[in-house]
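Enquirer: Here the sequence shown is numbered in the working numbering, starting from 1 and rising by one per residue.
All residues carry an ideal CB built from backbone N, CA and C; glycine is no exception.
Just so we're clear, the structure is a prediction, and the values are computed from it rather than from any experiment.
Okay, handing you the structure first.
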Amino acid sequence: MDFLKTGLKGYSLKRNNPTLKGLSNLSPYFHFGHISSQRVAWEIKNSAMPTIDKESFLEEMIIRRELADNFCEYEPNYDYFEGFHPWAQKSLNEHRNDEREYLYSPSHFEAAETHDPLWNAAQNQMKNMGKMHGYMRMYWAKKNLEWSPSPEDAFQTAIELNDKYELDGRDPNGYTGIAWSIGGIHDRAWFDRPVFGKIRYMNYNGCKSKFDIKKYIEMYTI
């Protein structure tokens, strides 16, 4: 619980920078029932940390987790393409035959053998640490979509790798997060583009503008 005493300060600003130790890393403990989110919420509510940081953390821990639980409880196809919103299915189907600049097999993804050192670093972080930074999980899953033969292949590969290597895998948060990245769950339609259709896009240069990608790559390159 040290994070709640000292690490929470600055959380709202640090949580999306994967080169900083800005996350609580409590998700595996929530997943296995080692700690109660209710207890954590109580500790945070009664702490002297800045309100903006407390609210940001509680948003992730309570609201996002509840949305994930709800999605997996009431959507039978939560881990299939058919579980995506109709607009997302339609959009992805319209771009199903778009040419992909790069294509990788599940084994190449697993071995972190892509052309993108940033993606490879994220995969290595997950394999070696048992936990990929939350911001990089979004980039990682979206590139699975961009470099896979189909949305179904991308979704299946991302789920299998997440469940195999993440300490907090096999969890509603993981399935919903991947469905958000690849299938627009809990998101809206964006500008239409090749391969992605109207799914929210992320790219290397976007990450470059948000954090020191060179440092992150150095941290997790074998």
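(1) Under the assumption that Leu23 contacts Gly134 (Cβ atoms under 8 Å), give the Cβ distance between them as a whole number of angstroms.
(2) Look up Arg137 in the DSSP assignment and say whether it is helix, strand or coil.
(3) Count the other C-beta atoms from every protein chain shown that fall within 10 angstroms of the C-beta of Asp53, then say buried if there are 16 or more, exposed otherwise.
(4) What number of angstroms, rounded off, separates the C-alpha of Glu55 from the C-alpha of Met219?
(5) Could you check whether Ser47 and Leu8 sit closer than 9 Å to each other, using their CB atoms as the reference points?
(6) Between the beta-carbon of Trp210 and the beta-carbon of Asn17, is there less than 9 Å?
(7) Between the alpha carbons of Gly83 and Leu4, how many angstroms are there, rounded?
(8) What are the partner residues of Gly83, as DSSP defines its beta bridges?
(9) Starting from Met126, trace the alpha helix (DSSP H) both ways and give me its first and last residue.
(10) For Gly197, which beta-bridge partners are listed by DSSP?
(11) What separation, rounded to the nearest whole angstrom, lies between the Cα atoms of Ile199 and His95?
(12) So, Pro76 versus Glu160, is the Cβ gap smaller than 9 Å?
(13) In whole angstroms, what separates the C-alpha of Ala154 from that of Gly130?
Expert: Taking the definition as stated:
(1) 6 Å
(2) helix
(3) buried
(4) 30 Å
(5) yes
(6) Checking the displayed sequence, the identity of residue 210 turns out to be Lys instead of Trp. Contact flag set, yes.
(7) 36 Å
(8) Note: Gly83 sits in no beta bridge, so no partner.
(9) 117–129
(10) Arg193
(11) 11 Å
(12) no
(13) 21 Å
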